[in-house]
Amino acid sequence: MTAQPTSSPALAPLLDALFPAGHAIAVHDAVLTGTASTAAGEVTVIGTTDKIEVGVDHALRLAETVLASTAADPQRPIVMLVDTAGQRLARRDELLGINGYFAHLAQSLDLARRRGARLVTLVYGESVSGGFLSFGLMADRIHALPSAQVRVMDLRAMARVTKQPLEKLQALSQSSPVFAPGVENYVAMGAVQSVWDDDLAAALLQALAAPVDGDRRAARGAERSGRGLAASVAARVAAGDA
């Protein structure tokens with residue numbers, strides 16, 4: 001396969017590093033879709049670029065690619081490349097029910113997983129809010145580049161939602177990864193499995209070969225001292241003790 005031209009100058013080197021055996025990935029309206037070759041076989045690639053705000057049209061295009069992949073080859077892995085500034089805050093998207101489109105995308109990925117596809121995410125740019133939650137966060141494993149920016153909600157938005165002073169949240173972010181953005185904090189919380197900073201093709205192969213052992217994010221957060229209570233509280237609830 002030969003590489004297709006992309007809109008982002010930073011994207012082409014990333015694709016070549018991840019898929020040195022070749023890739024056929026097209027970019028349309030900052031949504032990337034296609035296939036790539038790895039030493040473990042062919043993978044489907046979906047993602048976003050140029051810090052796009054994901055809207056209903058983007059979500060449909062991503063879901064369409066996922067559904068086509070699982071229909072053609074249910075066990076073909078799906079690699080998700082993330083660079084998004086969040087969800088599109090436009091009247092058209094809100095009136096159309098953007099939450100439903102995001103749910104459709106998430107359900108499409110869940111279907112692919114249940115049919116045997118491995119789901120791997122690499123955050124190479126930004127990953128913010130609903131634009132990340134709707135597809136990248138659905139993976140079995142989430143990885144990131146050292147330069148990536150990971151945050152589900154910034155502190156200013158968190159202050160508005162929780163009705164807490166921004167200064168209080170800023171102080172808490174100094175000691176608790178839960179309140180702080182950044183790759184290192186999401187690694188500590190267990191949400192990001194690891195940071196890839198060397199041979200990206202080898203790191204991807206390792207991620208594709210890693211066993212799927214359920215959702216261990218809370219357990220990893222406890223092991224890494226980033227989320228001290230999530231795993232124990234979940235275990236108590238499951239046991240009927242809370």
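Residue numbers for the sequence shown follow full-length UniProt numbering, beginning at 1 and rising by one. For glycine and all other residues, C-beta sits at the position ideal for the given N, C-alpha and C. In this text the structure is predicted, and so the values were computed from the model without any measurement.
Please list the terminal residues of the continuous alpha helix (DSSP H) segment that includes aspartate 110. 98-114
From alanine 159 to valine 237, what does the alpha carbon distance come to, in whole angstroms? 28 Å
In angstroms with no decimal places, state the Cα-to-Cα distance between valine 55 and alanine 219. Strictly speaking, residue 55 in this sequence is glycine, with valine absent from that position. Cα to Cα, glycine 55 sits roughly 33 Å from alanine 219.
I'd like to check one pair, glycine 190 with residue 244: are the Cβ atoms closer than 8 Å? The structure shown does not extend to residue 244, since the chain is modelled only from 1 to 242, so the question has no answer here.
Reduced DSSP category for glutamine 174 - H, G, I as helix; E, B as strand; rest coil: For glutamine 174, the secondary structure class from DSSP, reduced to helix, strand or coil, is coil.
Give the secondary structure of glycine 190 by DSSP, where H, G and I count as helix, E and B as strand, and everything else as coil. coil
Please determine, among Ala59, Gly116, Arg115 and Gly136, the residue with the shortest C-alpha to C-alpha distance to aspartate 83. Cα-wise, what sits closest to aspartate 83 is Gly136.
Alanine 40 beta carbon less than 8 Å from that of leucine 200: No, Cβ-Cβ distance for leucine 200 and alanine 40 is not below 8 Å.
Would the segment 86-95 count as touching the segment 27-46 if we require 3 or more Cβ pairs under 8 Å? Result no; under three Cβ-Cβ pairs closer than 8 Å.
Given this structure, state the Cα-to-Cα distance separating arginine 146 from proline 74, to the nearest angstrom. As written in the sequence, residue 146 is proline, which differs from the arginine given in the question. Their Cα atoms are separated by approximately 32 Å.
So glutamate 226 packs on proline 177, CB below 8 Å; how close in whole Å? For the sequence presented, residue 226 should be read as glycine rather than glutamate. With a Cβ gap of about 4 Å, glycine 226 and proline 177 count as contacting.
Work out the CA separation of alanine 21 and alanine 103 for me, nearest whole Å. 34 Å
For leucine 122, which residues in the same chain have their Cβ closer than 6 Å to its Cβ, ignoring the five residues on either side in sequence? Leu81 and His143
Exposed or buried, histidine 23, counting other C-beta atoms within 10 Å across all chains shown (16 or more means buried)? Buried, because 16 or more other Cβ atoms sit within 10 Å of the Cβ of histidine 23.
To the nearest angstrom, how far is it from the Cα of valine 128 to the Cα of serine 134? 10 Å
According to DSSP, which residues form a beta bridge with threonine 48? DSSP output for threonine 48 lists Val31 as bridge partner(s).
What residues are listed by DSSP as bridge partners for glycine 41? Thr38
C-alpha distance - glutamine 174 paired with alanine 72, whole-angstrom precision: 48 Å
Flag this pair as touching only if the segment 100-115 and the segment 149-156 have three or more C-beta atom pairs under 8 Å; answer yes or no. No, the segment 100-115 does not touch the segment 149-156.
For phenylalanine 19 and tyrosine 101, the rounded distance between their alpha carbons: 30 Å
Residues in the same chain with beta-carbon distance under 7 Å from alanine 90, minus the five sequence neighbours each way, listed in chain order, please. Gly55
Tell me, which residues are paired with glycine 86 by DSSP? Glu53
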